[in-house]
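As structure tokens, the structure follows; a few thoughts come after it.
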Amino acid sequence: MKALEEKILAQGKGIYPDIIQVGNFINHQVDPAFMNEIGEDIAKEFAKEAITKVVTIESSGIAPALMCAYKLGVPLIILKKKASRNLSPNVTRTEVTSFTKGDVYDLSIADGLIDENDHVLIVDDFLANGEAGTGAIRLIRKCHATIAGFAALVEKSFQPGRQKITDQGVKVYALARVSEITPDGTIKFL
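For the sequence shown, the positions run 48 to 237 when my numbering is used.
Okay, structure coming up:
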């Protein structure tokens with residue numbers, strides 16, 4: 048998506064060798080009109096997939112995933128990273144290692160939100176090492192649902208995430224594919 052690449056170049060910041068800061072419009076401050084465009088783009092890509100639910104991992108993927116779910120006319124399911132007193136005690140869990148934070152967390156979903164009748168699209172903000180995506184796939188499969196694909200706003204193509212996801216038989220769609228971040232912080236796209 049050319050508009051996303053342009054926004055990354057204008058408002059993002061590359062930190063060599065592997066960090067892309069996009070807090071001005073994705074992570075900390077969200078541009079709703081732009082998220083609407085992104086949601087529409089992802090929905091068009093997967094329009095023929097008979098998707099029944101869109102899934103994301105809290106928190107930065109929520110805005111684009113919500114807009115995509117809205118465009119597809121299906122519910123959004125948010126996978127939780129932390130236990131909560133108001134979350135159902137009956138949950139399905141899996142362990143995930145975060146690239147960004149370097150820690151391990153339990154990813155969970157309340158039982159009954161996804162089942163064998165669902166065909167799920169996963170939407171996330173970044174695809175880097177593929178750990179979060181792999182965890183989401185594992186969790187959805189534990190619920191016996193099928194996976195339509197994995198969509199990421201920004202893919203760091205110099206990291207192994209795409210391969211990890213596609214090795215599991217899941218289609219990957221990325222709106223902006225970064226080929227490298229140079230030592231001076233320049234972000235280059237495929």
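Ideal Cβ positions, reconstructed from N, Cα and C, are used throughout, including at glycine.
{"query": "From Gly70 to Thr193, what does the alpha carbon distance come to, in whole angstroms?", "result": "32 Å"}
{"query": "Taking buried to mean at least 16 other C-beta atoms within 10 Å of its own C-beta, is Pro79 buried or exposed?", "result": "exposed"}
{"query": "For my contact list, Thr99 and Asp165 are in at a C-beta cut-off of 8 Å; report their separation, rounded to the angstrom.", "result": "5 Å"}
{"query": "Nearest to Leu160 by CA position, among Ala179, Leu154, Val138, is which residue?", "result": "Val138"}
{"query": "If we count Cβ pairs, one from each stretch, closer than 8 Å, do we get three or more for the region 50-60 versus the region 181-198?", "result": "no"}
{"query": "Note down, one range per segment and in chain order, each beta strand (DSSP E) of at least 3 residues found wholly within the region 82-127.", "result": "100-104, 123-126"}
{"query": "Which of the three DSSP states is assigned to Ile187 in this structure?", "result": "helix"}
{"query": "Looking only at DSSP bridge pairs, what is Phe236 linked to?", "result": "Val225"}
{"query": "Under 8 Å: does the beta carbon of Val170 sit that close to some heavy atom of the ligand ATP?", "result": "Within the structure as shown, the ligand ATP is missing, as the structure has no ligands at all."}
{"query": "Since Leu154 is in the alpha helix (DSSP H), which residue starts that stretch and which ends it?", "result": "Looking at the DSSP string, Leu154 is not in any alpha helix (DSSP H); the run it does join, the beta strand (DSSP E), is 151-157."}
{"query": "Can you give me the C-alpha to C-alpha distance between Asp162 and Ala50, rounded to a whole angstrom?", "result": "36 Å"}
{"query": "Could you give the distance in angstroms between the alpha-carbon of Glu202 and the alpha-carbon of Asp172?", "result": "9 Å"}
{"query": "Could you check where the alpha helix (DSSP H) with Gln206 kicks off and where it finishes?", "result": "Taken as a continuous stretch (DSSP letters only), Gln206 belongs to no alpha helix (DSSP H), as it is neither H nor E."}
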